[in-house]
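S.K.: Below is one structure. I have some questions about it.
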């Protein structure tokens, strides 16, 4: 994910996305000779890129979450501490059940130029000691700051194989090269999305394969979730605090569109969000409770 020049193992998806097999994962296809492949958004027939639960970017490769209708970047899922999978060895079903909802929107991404987008999703901390710099994973990727040590020798034990340093603590040697590669990829990604919108409908055989892959994905997530509900994982049963709506890229975009349809300008809609102050009570569930009323 940090290197855009590494050999790509998967055939290109219908939408034209390029992924590393080791990063994107995925379930094995029924026919080993099958050369056609659908990324997970394509399996669901999405034309527009979905919204990521962890960052404001809509570029890149997405994975379906274990919650229906929710999505996350493969890279965000791999680099955000606390994120797990319904099925670990195939990286199927992104899960944030071990994350408290209070981490969403709690930290400001120092790389975001927009103050509202800076609180979307989850900003992760620089891995250097007591550093207080927080960033979205895709923002760190854009700046060339991601570090991937998953290919280290088996003799070396790496506690955290994927992480990032801020600009102050990172190795400056290849920074400009990584940033230049990202800029090239970003331009290509914009073109890819435009081309995908104009593509013709799938053939009967292609659509059948797409549906088969989607059904296999859904069944795998359901099976894994059944195992968790039988007592193997208790985290999902814990009652969580409420999550701030303005920490969600998708819901913020929806409300902004609705406001504009009602005659409100973008500035009028956004201005109140700049003044939101987070407190220890910001995540108290709405209701007639003493905590919420106070």
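In full-length UniProt numbering, the protein residues as written are 1 to 294.
Where is the CB? At the ideal position from N, CA and C, for every residue including glycine.
1. Going by C-alpha distance, which of 84, 186, 101 is nearest residue 93?
2. Under three-state DSSP, which class holds residue 216?
3. What residues in its chain sit with their C-beta under 6 Å from that of residue 54, if we drop five residues either side in the sequence?
4. Check this for me: beta carbons of residue 118 and residue 108, under 7 Å apart or not?
5. Looking at the secondary structure, which residues open and close the alpha helix (DSSP H) in which residue 78 lies?
6. Please classify residue 160 as buried or exposed, where buried requires at least 16 neighbouring CB atoms within 10 angstroms.
7. Quick check on residue 131: buried or exposed, where buried means 16 or more other Cβ atoms within 10 Å of its Cβ?
8. Residue 101 and residue 243 - do their beta-carbons sit closer together than 7 Å?
9. Buried or exposed: which applies to residue 66, given that a residue is buried once 16 or more other Cβ atoms fall within 10 Å of its Cβ?
10. Apart from the five residues just before and just after residue 195, which ones in its own chain have a Cβ nearer than 8 Å to its Cβ?
11. Kindly indicate which residue of 114, 82, 20, 99 has the alpha-carbon position closest to the one of residue 61.
12. I'd like to know whether the C-beta atoms of residue 57 and residue 177 end up nearer to each other than 7 Å.
13. Report the three-state DSSP secondary structure of residue 87 (helix, strand or coil).
14. Smallest Cα separation from residue 43: which of 52, 51, 59, 26?
15. Given this structure, state the Cα-to-Cα distance separating residue 169 from residue 183, to the nearest angstrom.
16. I need the straight-line Cα distance from residue 171 to residue 261, nearest angstrom please.
17. Measuring straight from C-alpha to C-alpha, what distance separates residue 263 and residue 197?
18. Residue 127 to residue 145, Cα distance in whole Å?
19. Using a Cβ-Cβ cut-off of 6 Å (strictly less than) and excluding sequence neighbours within five positions of residue 273, which residues of its own chain qualify?
20. Less than 7 Å between the C-beta atoms of residue 38 and residue 22, yes or no?
21. Quick check on residue 48: buried or exposed, where buried means 16 or more other Cβ atoms within 10 Å of its Cβ?
22. For residue 192, which residues from the same chain have a beta carbon less than 6 Å from its beta carbon, with the 5 sequence-adjacent residues on both sides left out?
23. On the CB-based measure, 16 or more other CB atoms within 10 Å of its CB, does residue 258 come out buried or exposed?
24. Mind checking which residues open and close the alpha helix (DSSP H) that includes residue 252?
25. Go ahead and label residue 50 buried or exposed: buried means 16 or more other beta carbons lie within 10 angstroms of its beta carbon, across all protein chains shown.
26. Under a three-way DSSP split, which group does residue 204 fall into?
27. Let me confirm a value: residue 204 is counted as buried when at least 16 other C-beta atoms fall within 10 Å, else exposed. Which label applies?
28. So is residue 189 buried or exposed if we call it buried at 16+ other beta carbons inside 10 Å?
29. If I measure Cβ to Cβ from residue 105 and keep anything under 6 Å in the same chain, skipping five residues before and after, which residues do I get?
M.R.: Let me lay it out:
1. For residue 93, the closest alpha carbon among the candidates 84, 186, 101 is that of 84.
2. Of the three classes helix, strand and coil, the one that applies to residue 216 here is helix, per DSSP.
3. Contacts found: 72, 76, 80, 121, 122.
4. Contact flag set, yes.
5. For residue 78, the enclosing alpha helix (DSSP H) covers residues 74-79.
6. Label assigned to residue 160: exposed.
7. Burial call: exposed.
8. The beta carbons of residue 243 and residue 101 sit closer together than 7 Å.
9. Buried is the call here.
10. Within the same chain, residue 195 has close Cβ partners 16.
11. Considering only 114, 82, 20, 99, the residue with the shortest C-alpha distance to residue 61 is 20.
12. Going by beta carbons, residue 57 and residue 177 fall outside the 7 Å limit.
13. The answer is strand: DSSP assigns residue 87 an E or B state.
14. Answer by Cα proximity: 26.
15. Taking the straight line joining both Cα atoms gives about 22 Å.
16. Taking C-alpha positions only, residue 171 is separated from residue 261 by approximately 47 Å.
17. Using only the alpha carbons, I get a separation of about 28 Å.
18. Inter-residue distance for residue 127 and residue 145 is about 11 Å (C-alpha atoms, whole angstroms).
19. So the list reads 116, 246, once near-sequence residues are dropped.
20. No; because the gap between Cβ atoms is not below 7 Å, this pair is not in contact.
21. Label assigned to residue 48: exposed.
22. Excluding positions up to five away in sequence, the list reads 16.
23. Flag for residue 258 reads exposed.
24. Where residue 252 is concerned, the enclosing alpha helix (DSSP H) stretches over 249-261.
25. It counts as buried.
26. In this structure, residue 204 counts as helix in the three-state DSSP scheme.
27. Using a 10 angstroms sphere on the CB of residue 204, the tally of other CB atoms stays under 16, which defines it as exposed.
28. Burial call: buried.
29. Result list for residue 105: 119, 244, 247, in chain order.
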